[in-house]
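Numbering (the working numbering), first residue to last: 2 to 249.
Below, the structure written as structure tokens:
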């Protein structure tokens, strides 16, 4: 069955559905089950593992809840394309996030100019309204697929930002560290959902009804001074955010 080796120990403390879910998850993560590929049917899995179809269905629903597979009426259950995952407990740029997950990041510089900060930009960067700040707009890709549009506003102390170095390195954070010796230590981030603009539809190759995950982040250096304020528009079908929460 598709080069898959599956086995469920009914005497184990871990429920059978969870054992099956974990094994299928590993198969997807290792590429044994490729994006777009159909999983064995409920009937096949139940017969192979001597489980009830209800138990198998429970496992498949868990996989769907984790956005790993998609059930299609009358057709079966199919593996979804991998999504870029942001774990909200570290200050990482897009380049490092993508590489950590095995994607190849891409960097397309769309525009770079000095602009007068409006009130929102000024408040986030700790400057006065009207102060000149560098604005850099980029399209970021993962494995050559458009994923996010980032509009970054940089502190006036980075007004001479080396754009050619950014083109070569791809990573804004790496360029800041190398060129200015500034270490980014913490960030404040907000997340919301909205529909894309016409320009976002074109750049991200999405339809009008595909929601955008809109992230706003202000990043601070080791002295608590703002360095960057960025607005990002992510494809919601290719990106997910994970948060670890604890009871107070």
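Here a beta-carbon is modelled for each residue, glycine too, at the ideal position from N, C-alpha and C.
Which of helix, strand or coil DSSP assigns to residue 189: Position 188 of the chain shown, counting from 1, holds the residue named residue 189. If DSSP states are grouped into helix, strand and coil, residue 189 belongs with the strands.
Identified DSSP bridge partners for residue 222: Residue numbering aside, residue 222 sits at position 221 when the chain shown is read from its first letter. In the DSSP output, where bridge partners are listed per residue, residue 222 has 185.
DSSP bridge partner residues for residue 151 (one or two, in chain order): Working through the chain shown from its first residue, we reach residue 151 at position 150. 139, 233.
Whole-angstrom C-beta distance between residue 221 and residue 187, which should lie under 8 Å: Counting from 1 along the chain shown, the entry for residue 187 is found at position 186. Counting from 1 along the chain shown, the entry for residue 221 is found at position 220. That belief holds up - the Cβ atoms of residue 187 and residue 221 are roughly 5 Å apart, short of 8 Å.
Alpha-carbon to alpha-carbon, residue 19 and residue 40: Start at 1 with the first residue of the chain shown, and residue 40 comes out as number 39. Start at 1 with the first residue of the chain shown, and residue 19 comes out as number 18. Roughly 16 Å between the two C-alpha positions.
Alpha carbon of residue 117 to alpha carbon of residue 140, nearest angstrom: Reading the chain shown from its first residue, position 116 is the one you call residue 117. Reading the chain shown from its first residue, position 139 is the one you call residue 140. About 22 Å.
Complete runs of the alpha helix (DSSP H) confined to the segment 6-51 [at least 4 residues]: 17-30, 43-50
Alpha carbon of residue 124 to alpha carbon of residue 146, nearest angstrom: The sequence position of residue 124 within the chain shown is 123, counting from 1. The sequence position of residue 146 within the chain shown is 145, counting from 1. Straight-line Cα distance between these residues: approximately 34 Å.
DSSP-derived helix/strand/coil call for residue 125: As a working mapping, residue 125 is identified with position 124 in the chain shown. If DSSP states are grouped into helix, strand and coil, residue 125 belongs with the helices.
Exposure of residue 135, with buried meaning 16 or more beta-carbon neighbours within 10 Å: The sequence position of residue 135 within the chain shown is 134, counting from 1. So residue 135 counts as buried.
Cβ-Cβ distance between residue 137 and residue 153 below 8 Å: Sequence index remark: in the chain shown, residue 137 carries index 136 (1-based). Sequence index remark: in the chain shown, residue 153 carries index 152 (1-based). Contact flag set, yes.
Whole-number beta carbon distance between residue 69 and residue 81, since they are thought to touch under 8 Å: As a position in the chain shown, residue 81 is number 80, starting the count at 1. As a position in the chain shown, residue 69 is number 68, starting the count at 1. Confirmed, Cβ separation roughly 6 Å.
Cβ-based neighbour list, residue 54, same chain, cut-off 6 Å, excluding 5 preceding and 5 following: For the purposes of this step, residue 54 is taken as the residue at position 53 of the chain shown. Closer than 6 Å at the Cβ level, and outside the excluded window around residue 54, lie 43, 47.
For residue 108, the nearest candidate out of 67, 83, 150 (CA to CA): Working through the chain shown from its first residue, we reach residue 108 at position 107. Answer by Cα proximity: 150.
Identified DSSP bridge partners for residue 114: Residue numbering aside, residue 114 sits at position 113 when the chain shown is read from its first letter. Residue 114 is bridged to 136.
Three-state secondary structure assigned by DSSP to residue 92: The residue given as residue 92 occupies position 91 in the chain shown. It is coil, neither helix nor strand.
Between the CA atoms of residue 227 and residue 76 - distance to the nearest angstrom: As a working mapping, residue 76 is identified with position 75 in the chain shown. As a working mapping, residue 227 is identified with position 226 in the chain shown. The alpha-carbon atoms of residue 76 and residue 227 are separated by roughly 51 Å.
Own chain partners of residue 183 with C-beta closer than 7 Å, once the 5 adjacent residues on each side are dropped: Numbered from 1 along the chain shown, position 182 holds the residue referred to as residue 183. 177, 222, 228, listed in sequence order.
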